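Undergrad:
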Amino acid sequence: MRKILLMAALLGFTWACSNNSSSSAGPATSSSSDESAKASTAAGSTNYDSVKGAGKFTHVELNEKLDDKMIASGKSIYELKCSACHKLTAEKLVGPGWLGVTDRHKPEWIMNFATNTDEMIDKDPKAQAMLQVCMVRMPNQHLSDEDARSILEYMRKNDHSK
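Under the working numbering, the residue at position 62 of the sequence shown is numbered 243, and the numbers go up by one with no gaps.
1. If ARG318 and ILE302 are in contact, beta carbons under 8 Å, what's the gap, nearest whole angstrom?
2. Beta carbon of MET311, beta carbon of GLY276: below 9 Å?
3. Which residue marks the beginning of the alpha helix (DSSP H) containing PRO288, and which one marks its end?
4. Please state if the CB of ALA271 and the CB of LEU333 are separated by a distance shorter than 9 Å.
5. Can you tell me the Cβ-Cβ gap for ILE252 and LYS338, rounded? I've got them flagged as a contact below 8 Å.
6. Quick one: Cα of ASP248 to Cα of LYS307, how far?
7. Strictly by DSSP, which residues pair up with HIS267?
8. Between LYS250 and LEU243, what straight-line distance do the alpha-carbon atoms span, to the nearest angstrom?
Next comes the structure, spelled out in structure tokens:
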């Protein structure tokens with residue numbers, strides 16, 4: 182038992198010391214390399230569509246009448262995966278509030294962001310601006326295309342149910 186505790190303490194001490202030395206010299210180097218990588222990505226991506234975003238969704242067909250089954254599915258997905266960080270109002274929680282999102286963004290942009298979050302944050306100026314406000318990257322929720330479409334329908338209902 183004493184050997185295990187000693188090994189754990191030694192491992193913890195080694196880990197703590199290695200993080201301190203890398204954090205004093207590392208961030209300046211890594212942040213400048215991150216910035217240059219983002220700059221080269223932004224400069225090199227001439228085919229990026231800032232209206233539709235980055236991802237597989239290039240055309241999303243919306244019906245004028247909302248689909249109640251998709252809304253119910255979107256609501257349950259929201260409650261399970263989204264409500265911890267997003268409110269249905271304009272109020273920011275961890276992430277931005279959802280009120281008005283379908284008025285601010287095209288359906289393709291919303292679905293691409295929901296299913297391809299990391300690339301969108303790396304490439305899209307609006308997503309980068311949201312990151313500056315929220316200070317937290319949205320984690321990948323592993324949404325299917327159907328899940329993303331249901332969430333979009335739920336967002337549409339939230340925005341236009343007044």
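Ideal placement from N, C-alpha and C gives every residue a C-beta, glycine not left out.
Quick caveat, the model's predicted, so the values are computed rather than measured.
TA: Considering the structure as presented:
1. 6 Å
2. yes
3. First-last of the alpha helix (DSSP H) with PRO288: 288–296.
4. no
5. 5 Å
6. 28 Å
7. LYS273
8. 14 Å
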